[in-house]
Every structure is written in structure tokens, then in C-alpha cells.
Amino acid sequence: MRRRHPALPTRWLLTDERMGDALWDALRRLPPGSGVIVRHYGFPSQDRAALLRRVRRLGAARGLVVWDDKCARVARVHSGRELRRALLRSPRLLFLSPLFPTRTHPDWPALPWMRAAALRRLSPRPVLALGGMNEKRFRRAKTLGFGGYGAIDGWLD
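Numbered by our numbering, the letters in the sequence shown go through residues 1 to 157 in order.
If you want it as C-alpha cells, here you go:
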């Protein structure tokens, strides 16, 4: 008998150091059932572990899925070549970016809309939108078949 996996969240918060204390407000804004990917790569390992424990406690209380980016199989891709490489690793989550201009990578141009749609269709796995995303922009991306989105600043507004 095949083991059934629960559906993955469609809304994700990707954390980083820039968020500072605004992280806790962003976590409270997430709808129950959303996901959090804790990155904070620049933190010393003990500080990062403490942050991860605190996020997991808050996430459990709010019904959030919390993953450590260092352990989770998450891929962020920006081109067809990166998509092919990522699919060989069988990621659980696949983010295509940037769909819109983003403060995280201001020098990266947004993918042309039809290229993003074509790349999304090339994947046999669900693809989530990343880069300048929020609920309003996700409504547009959803029409192209994106199964959800991830954001940093989108949860801070």
C-alpha cells in the first residue's frame, strides 16, 4: 500500500537575517497551514539552532509547517538548466524565481512571464513562485499553474 503524504503548504515564508525582529510579526501573519523555511545562514550555529527551536514552537502553536533549509530538500531555480539539475535531486519543494522584482536580489531581472510559465510546465513536480511575491501577485501567477508561493518581504507588509 502506498504511503500518503499530507499536502504541502501553498504559502511559505523564507526567513533571513534582514528580517530582524519583524520575523515574529511575519510568523503571526501567516495563515494556519502555511510553511516556514528557516534560512538565517549568517547566524552562528548555536544562535541559528535556538532561533529554529523558537520558530518551531511558535509554528506548532499556530499550525505551521517549519523546515530547516539546511535539511529540507528545497530548490530555488532561475533557468531551465537549474531546473533540470534540481529535478535530479528530487526536491520536495521547487521555487522558480524571480517572478517579480525583489529586494533580496535587486540586480536580477524578473523572468519574462511566458518564460516562467514554460519553465513551470517543464517540471513534473509542483512549482511555487518566488521573488517579489504577495497574495495579489500570486493570484496572477496562479493563472500560469503555480501551486503556491514563497516570500520574505511579502509577509512583512
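Yeah, the Cβ is synthetic: ideal placement off N, Cα and C, and Gly gets one too.
Remember, predicted model here, so these are calculated numbers, not experimental data.
- Minimum Cα-Cα distance from Gly20 among the listed residues Arg48, Pro9, Gly35, Ser34 corresponds to Arg48.
- A distance of 8 Å or more separates the beta carbons of Leu94 and Ala129.
- Membership of Trp113 in the alpha helix (DSSP H) is indicated by the continuous run 113-122.
- Of Arg140, Arg103, Gly145, the smallest CA-CA separation from Arg18 is found for Arg103.
- Exclusion of the five residues before and after Trp67 leaves Gly35, Val36, Ile37, Val38, Val74 as the residues of its chain whose Cβ lies within less than 8 Å of its Cβ.
- Scanning the segment 64-144 for uninterrupted beta strand (DSSP E) segments of 3 residues or longer gives 65-68, 74-77, 93-96, 128-130, listed from N- to C-terminal end.
- In chain order, Ala110, Gly131, Gly132, Met133, Arg137 place their CB closer than 8 Å to the CB of Phe100, counting only its own chain and leaving out the 5 sequence neighbours on each side.
- Classified as exposed, Pro106 has fewer than 16 neighbouring CB atoms from the shown chains inside 10 Å of its CB.
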